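Chemist: Convert by adding 1201 to the 1-based position in the sequence shown; the result is the number in the working numbering.
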Amino acid sequence: MLVALALLSACASMTRKPPVDADASLELPGGQFRFAHAPREAQAADMVRRAVENAAPRLDRWGTFHEPVTLVIHPNHAALERAANRPDHDFLRAWARFEQVELQSPRTWTRAGASQKQVDELLLHELTHSLMYQASATRMTWTKKGIPLWFSEGMASYTAAQGYRVPSLEDLSRFLHDHPQADPLARAESLYESENATVYGAAHHAFDFLISRYGEERVRGTLQAMRQGQDFTPAFQEAVGIPVDAFLRDFRRYVYLRGFKGGRINPPEPETGRFRGENRGLPWIPLISKPLPPPSGPPDTTLEGTSPKR
1202 MLVALALLSA CASMTRKPPV DADASLELPG GQFRFAHAPR EAQAADMVRR AVENAAPRLD
1262 RWGTFHEPVT LVIHPNHAAL ERAANRPDHD FLRAWARFEQ VELQSPRTWT RAGASQKQVD
1322 ELLLHELTHS LMYQASATRM TWTKKGIPLW FSEGMASYTA AQGYRVPSLE DLSRFLHDHP
1382 QADPLARAES LYESENATVY GAAHHAFDFL ISRYGEERVR GTLQAMRQGQ DFTPAFQEAV
1442 GIPVDAFLRD FRRYVYLRGF KGGRINPPEP ETGRFRGENR GLPWIPLISK PLPPPSGPPD
1502 TTLEGTSPKR
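(1) If you compare alpha carbons, which of Leu1328, His1275, Ser1331, Met1341 is closest to Trp1310?
(2) Mind checking Ala1213: buried by the 16 CB within 10 Å criterion, or exposed?
(3) In its own chain, which residues sit with a C-beta less than 6 Å from the C-beta of Val1221, not counting the 5 before and 5 after it?
(4) For Glu1273, which option in Met1248, Thr1265, Pro1288, Arg1259 has the closest C-alpha, if you only look at C-alpha atoms?
(5) Would you report the Cα separation of Pro1492 and Phe1448, rounded to the nearest angstrom?
(6) Roughly how many angstroms separate the alpha carbons of Ser1199 and Asp1289, rounded to a whole number?
(7) So, does the segment 1401-1410 touch the segment 1342-1359, judging by three or more C-beta pairs under 8 Å?
(8) Would you call the CB atoms of Trp1351 and Leu1377 closer than 8 Å?
(9) Expressed to the nearest angstrom, what Euclidean distance is found between the alpha-carbon atoms of Arg1259 and Ser1374?
(10) For Trp1296 and Arg1459, what's the separation of their Cα atoms in angstroms?
(11) Going by CA-CA distance only, name the one from Pro1307, Gln1335, Glu1228 that's closest to Leu1324.
(12) Spatial neighbours of Glu1242 within its chain, please: C-beta separation below 8 Å, excluding the five flanking residues on both sides.
(13) Do you know how far the Cα of Arg1250 is from the Cα of Ala1223?
(14) Report back the beta-carbon spacing between Gly1231 and Thr1265 to the nearest angstrom; my notes put them in contact at under 8 Å.
(15) I need the boundaries of the beta strand (DSSP E) containing Arg1454, first residue and last residue.
(16) Starting from the C-beta of Asp1321, find all residues in its chain whose C-beta is less than 6 Å away, skip the five residues before and the five after it, and write them out in chain order.
(17) Could you have a look at His1330 and say whether DSSP puts it in helix, strand or coil?
(18) Rounded to whole angstroms, what's the CA-CA distance from Ala1426 to Pro1240? Just pull it up for me.
(19) State the Cα-Cα distance for the pair Phe1461 and Val1367, rounded to the nearest angstrom.
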């Protein structure tokens, strides 16, 4: 019996959440943040708190937090995987939810620990996820909005300026040529395990493409439309002005035909073609609701039913 009680006590200690440090809460114009950690993680908590302060100015572009966010610092990777319910994710260092971010203690990332710059970058990425959830939904609806992986991960990667971490547009173009039936955007989940880097790269570049052509205001509009009750697909069309699948086709053609090298893709007809005022950075791509098929290009692999019914 004593052995059994000891084992139960050990299991309970392994799953017990770290206590919230009441003296370390952070009140910022964009939101309120709390920090939960064991006493031995005090130094790591200072780094995390500093990272939140550093992230705040770059998060402001998307809005403010409606509810406090608790950052839970776990003592090792195994504890993080249990808290995030993501077993066998060796690459994982943090996991964001609506009101909480699970974080592996920066002191355990490497033998020498993490630098402040590394913690800053990671927390900016994860807090972008939490802010996106809160700006677009409530605690009861944030998992039900149908936000695609390319938008969620692209927004976080773009905000944290992580383009240097992902494959280039040229790499992505080669992938589309070599795998004509694969779609790292509309079918990202099916490629996540085997082509993780490609999926994250496609997400980053697609979101950057979205910002370049339509501006950040359209992204904020998409989040606001979801907050008001819509799911992602109709919210995107209302805010951006074209269906999601049309946008993804535009981006795939841009990558497949290497428009990023300065090529000209589907020039508008003289009498009917036009560009929108927010068409910044990529002026050679016309904004049309039904893109014309290029002379040659990738197959249309956009999932059916992704655009709202009229």
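Glycine included, every Cβ here is placed at the ideal spot set by N, Cα and C.
Quick caveat: nothing in here was measured; it's all calculated off a predicted structure.
Modeler: On the basis of the data shown:
(1) Between Trp1310 and the set Leu1328, His1275, Ser1331, Met1341, the nearest pair of CA atoms involves His1275.
(2) Only weak support exists for where Ala1213 lies, its pLDDT of 39 falling under 50; the value from the coordinates is given anyway. With fewer than 16 other Cβ atoms within 10 Å, it is exposed.
(3) Same-chain partners within the cutoff: Arg1235, Ala1237.
(4) Checking the sequence, you will find Val at residue 1273 rather than Glu. Looking from the CA of Val1273, the closest CA among Met1248, Thr1265, Pro1288, Arg1259 belongs to Met1248.
(5) Below a pLDDT of 50, predicted positions are generally treated as unreliable, and Pro1492, at 34, falls in that range; the measurement from the model is reported next regardless. Cα to Cα, the separation comes out at about 9 Å.
(6) A question about residue 1199 goes unanswered here, because the residues of the chain that appear run from 1202 up to 1511.
(7) As far as the Cβ criterion goes, the segment 1401-1410 touches the segment 1342-1359, which means the pair count is three or higher.
(8) Contact flag unset, no.
(9) When rounded, the distance between both Cα atoms is 30 Å.
(10) Going from the Cα of Trp1296 to the Cα of Arg1459 covers about 34 Å.
(11) Here the closest residue by C-alpha is Pro1307.
(12) Counting only Cβ-Cβ distances below 8 Å, and skipping sequence neighbours, we find Pro1219, Ile1274, Pro1276, Ser1306, Arg1308.
(13) Distance between the alpha carbons of Ala1223 and Arg1250: 13 Å.
(14) Their Cβ separation, rounded to whole angstroms, is 5 Å, which keeps Gly1231 and Thr1265 in contact under 8 Å.
(15) Not the beta strand (DSSP E): Arg1454 falls in the alpha helix (DSSP H), residues 1445-1457.
(16) Cβ within range, chain order: Ala1252, Asn1255.
(17) When DSSP states are grouped into helix, strand and coil, His1330 belongs to the helix group.
(18) If I take the Cα positions, the gap works out to 42 Å.
(19) Distance between the alpha carbons of Phe1461 and Val1367 is about 16 Å.
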